[in-house]
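What follows is a single structure, written as structure tokens, with notes after it.
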Amino acid sequence: MVMIVKSKKSSRLTPEGPHIATLASVKGKPNDEAPKKAILRFAIDGREDQVTKEVPVSFEEKAPLRRDAETLLGRQLTAKEAEEGLDLGSLVGRPCRVVVAHKPGVGGRPIAVVTLIQCAPEVVSA
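What the sequence shown shows, in the working numbering, is residues 371 to 496, in sequence order.
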């Protein structure tokens, strides 16, 4: 017996791997007034869909949100800048490279998520 299984729809899932992107938005979860997590949404060059990275809201020295903000800025924050805080909205529109992976989402359906944010290629080569 031969069992043939076919896809019902073409996949719109962003392919895994590195992509040139732009930070499209930053939202707090559960809300912007008292966020526990930050949801960074990225627009991928040449694609209509966007991918996200969710990180705890912490700006301590090695915290993922601070590392990501520094990557998007293209420099490390000074201790004073970190203590005074950074308006994450000021990072919207910044170019970068993101690494996308697939993970199980609701009901086991795969979703694309950002696992790593890197400097934009033009920043790396400069």
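Yeah, the Cβ is synthetic: ideal placement off N, Cα and C, and Gly gets one too. All of these numbers come straight from a predicted model, not from anything done at the bench.
Assigned with DSSP and collapsed to three states, residue 437 falls in helix. CA-CA distance, residue 458 to residue 477, rounds to 32 Å.
Burial is judged here by how many other beta carbons sit within 10 angstroms of a residue's own beta carbon; residue 479 has fewer than 16 and is exposed. Between residue 461 and residue 433, the gap from beta carbon to beta carbon reaches 8 Å or more. A Cβ-Cβ separation of about 6 Å places residue 414 in contact with residue 384 under the 8 Å criterion.
For residue 394, there is no enclosing alpha helix (DSSP H); the enclosing beta strand (DSSP E) has its first and last residue at 387-399. DSSP places residue 410 in the strand class (E or B) of the three-state scheme. In chain order, 467, 469 place their CB closer than 6 Å to the CB of residue 388, counting only its own chain and leaving out the 5 sequence neighbours on each side. In summary, residue 423 is buried, with 16 or more beta-carbon neighbours lying within 10 Å of its beta-carbon over all protein chains present.
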